[in-house]
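For the sequence shown, full-length UniProt numbering gives the first residue as 1, with consecutive numbering after it. We put the CB at the ideal spot given by N, CA and C, even for glycine. None of these values were measured; they are calculated from a predicted model. Each remark here refers to the structure printed beneath this line.
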Amino acid sequence: MSLKKIGITVLALIAIFLIYTIAFTEKGIKPIQPEATVPDLDYSALSEEAAKDLQTYIRIATIRGREKEGALFLKSVLDKKGIPSRIIEYPGKPDRASLLAELKGKDTTKEGLILTSHIDVVEADAKDWDVPPFSGARIGDRIHGRGAVDVKGLGIMQLYAFLLIHEKKIPLERNLMFLAIADEESRSEHGARFLVDKHKEIFNGYEYVWNEGGTGSKDIAIKGSKVFNIQLAEKGAVWLDLKAKSIPGHGSTPPVSYAAKSMVDFLQEVQNIGNKTMIKDETAAFFYSLGGISNFPDSFVLKRSRNPVLFIILKGVINSNRHLRAMTRNTVSLTGIDSHPIGMNVITSETTGSLDIRILPGQDEKKIFEEVKALGEKYGVEVSARHLESGSISPMDGLLFRVLAGTVTAVEPGSIATPFLSPGTTDSSYLRQIGLKCYGLIPALLSSEEIDGIHGKNESMSVPQLKMGIEILFKSIIEYNHQVAK
């Protein structure tokens with residue numbers, strides 16, 4: 001073949017590649033733009049009332065317990081409006097209680113919508129906080145305290161939207177449930193898992209769940225951006241306990257292999273499990289959505305995240321961001337190691353440790369456990385499973401997802417909605433197991449500092465954020481029923 005023909009062939013191949021690269025884009029989401037008629041309301045006045053209830057709710061220190069006291073408070077609000085509710089206690093532990101209330105729709109047999117949040121909160125060390133964490137103090141337009149964002153704030157937003165549907169006599173095509181659950185922060189044994197196992201009948205006729213798991217954010221993904229990350233998937237968990245044993249010895253004459261060294265060598269290699277970057281449909285759609293608010297050339301790359309050549313560019317960005325890494329790969333975290341030291345010059349006979357491995361939806365948790373177990377055998381480390389749980393996912397074209405995506409952008413002009421894969425787990429992982437389609441969103445725009453308050457210090461939520469959340473919830477419920485009726 002002549003050089004001319006070779007040159008023409010090369011140019012043709014380059015042209016084909018360029019055409020493919022330009023033409024090929026990922027699929028975005030398909031929001032439903034609001035069509036339903038919604039009554040005019042004074043959301044500012046409503047948010048002031050909601051703020052007072054949030055203060056009261058925060059003052060009930062439901063730290064991995066005392067949920068019944070929180071449930072009774074929520075029940076008292078429902079009682080004042082004449083809405084019956086039910087408290088379900090965990091057998092033998094009456095303090096671990098959940099609450100539910102229902103508004104009936106025209107057809108009670110299908111497509112019902114559940115608004116759910118959890119009552120319990122995590123610990124808070126008062127010395128680290130600027131404002132006492134269970135004071136529920138209001139300073140300016142901001143409510144301070146543990147649970148303000150995670151997730152008593154969401155619970156109050158949902159409660160007020162639920163009350164509005166009742167008070168304004170909004171006709172419902174399908175059932176609407178308000179469900180406040182115990183024990184989410186400690187793997188849901190006394191809450192969602194218990195309800196799914198022993199009270200599955202309460203979910204009959206329901207299809208969709210609005211839970212936590214995603215948040216609105218401002219100025220985080222891209223400067224000036226307003227992004228509502230709607231959680232539709234979450235990673236699974238492989239929690240492992242580790243143990244290495246050997247004979248003890250003197251620190252001055254170490255053997256070739258001993259317990260602590262074996263553990264360290266094992267831990268270095270096991271981290272390779274998290275080296276592979278995987279962009280699934282939901283993550284590709286997430287990048288695509290960000291591409292819509294990005295400048296060129298970022299927009300071009302983000303909309304083509306699985307293009308083999310452009311992926312090389314994007315992978316560098318992913319590797320530099322821990323949140324993006326968590327969304328696109330199985331992660332391995334060493335959460336504990338102890339050689340049980342008894343003296344600086346003593347090599348101890350036993351080293352123990354723990355691993356928190358989070359796996360993407362579609363990955364086999366048992367297979368990964370066996371893989372780590374086999375690697376442990378190579379280094380003389382005994383690996384046992386404390387908890388194995390698969391990832392879960394709900395469809396990106398689900399009606400509730402599309403309604404949420406359309407409503408949030410209508411309420412907050414200039415914002416976008418994205419599908420979001422959560423690295424952590426919520427009660428949705430258990431509700432999805434019985435066929436419910438779950439989507440997570442705290443419907444308010446949060447700053448990076450506000451998001452860092454989740455499980456951190458100085459957690460707070462503003463009254464305008466409550467206002468936005470109540471409005472988005474109320475309008476979304478009405479739009480959902482409108483779409484169901486079509």
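Non-local C-beta neighbours of Lys106 in its own chain, meaning closer than 6 Å and more than five positions away in sequence, comprise Glu173, ordered along the chain.
About 4 Å separates the Cβ atoms of Ile119 and Glu67, confirming a contact at the 8 Å cut-off. In this structure the segment 180-199 lies against the segment 92-107, because at least three pairs of beta carbons, one per stretch, are closer than 8 Å. Cβ-Cβ separation between Tyr430 and Trp210: approximately 16 Å, too far for a contact (criterion under 8 Å). For Asn211, the enclosing beta strand (DSSP E) has its first and last residue at Tyr206 to Lys218.
Rounded to whole angstroms, Leu242 and Glu371 show a C-alpha spacing of 14 Å.
A buried status is given to Pro133, since no fewer than 16 other beta-carbon atoms sit within 10 Å of its beta-carbon. Remark: C-beta atoms of Pro361 and Ser392 approach each other more closely than 9 Å. Per the coordinates, the alpha-carbon of Ala259 lies some 39 Å from the alpha-carbon of Ala233. Within the DSSP secondary-structure output, Leu176 pairs in a beta bridge with Leu103 and Leu113. Glu111 and Gly398 have their C-alpha atoms roughly 11 Å apart. Separation of Leu154 and Val346 (C-alpha to C-alpha, rounded to the nearest whole angstrom) is 53 Å. Ranking Gln158, Gln363 and Ala148 by CA distance to the CA of Asp452 puts Ala148 first. Taking the CA atoms as reference points, Lys457 sits about 7 Å from Ala124. Rounded to whole angstroms, Phe228 and Tyr288 show a C-alpha spacing of 14 Å. Taking a C-beta distance under 9 Å as the contact criterion, Ser447 and Ser217 qualify as a contact pair.
Of the residues assessed, Phe296 falls on the exposed side of the cut-off, its CB having fewer than 16 other CB atoms within 10 angstroms. Collapsing the DSSP output to three states places Val403 in a helix. Residue pairing by DSSP places Trp239 opposite Asp356 and His387 in a beta bridge. For Tyr258, no beta strand (DSSP E) encloses it, and the DSSP letter there is neither H nor E. Tyr480 is positioned such that its CB atom lies closer than 9 Å to that of Tyr208. By the criterion of a C-beta distance shorter than 6 Å, Ser422 is surrounded in its chain by Gly213, Gln231 and Glu234, once the five residues flanking it on both sides are discounted.
Contact check for Thr426 and Phe286: beta-carbon distance about 18 Å, past the 8 Å limit, so the pair fails to qualify.
Under the three-state reduction of DSSP output, Ile156 falls in the helix class.
Bounds of any alpha helix (DSSP H) do not take in Asp338; it lies within the beta strand (DSSP E) bounded by Thr331 to Asp338.
Val381 counts as buried, since at least 16 other C-beta atoms from the protein chains shown sit within 10 angstroms of its C-beta.
Counted as a single uninterrupted DSSP element, the beta strand (DSSP E) harbouring His144 occupies residues Arg142 to His144.
Judged by DSSP secondary structure, Thr418 falls within the beta strand (DSSP E) whose first and last residues are Ile416 to Ser422. DSSP places Gln231 in the uninterrupted beta strand (DSSP E) bounded by Lys226 to Glu234. No residue range can be given for Pro132, since it is assigned to no alpha helix (DSSP H) and is classified by DSSP as neither H nor E.
Around the beta carbon of His199, a 10 Å sphere encloses fewer than 16 other beta carbons of the protein chains shown; the residue is thus reported as exposed.
Residues of the same chain with a CB within less than 7 Å of the CB of Ala71, apart from the 5 flanking positions on each side, are Ile87, Ala97, Ser98, Leu99, Ile119 and Ala180 in chain order.
Distances from the CA of Asn275 to each of Gly316, Gly353, Thr37 and Pro34 were compared; the closest alpha carbon is that of Gly316. As the crow flies, the alpha-carbon of Lys127 is around 42 Å from that of Leu314.
Taking 9 Å as the cut-off, the Cβ atoms of Arg386 and Leu240 count as close.
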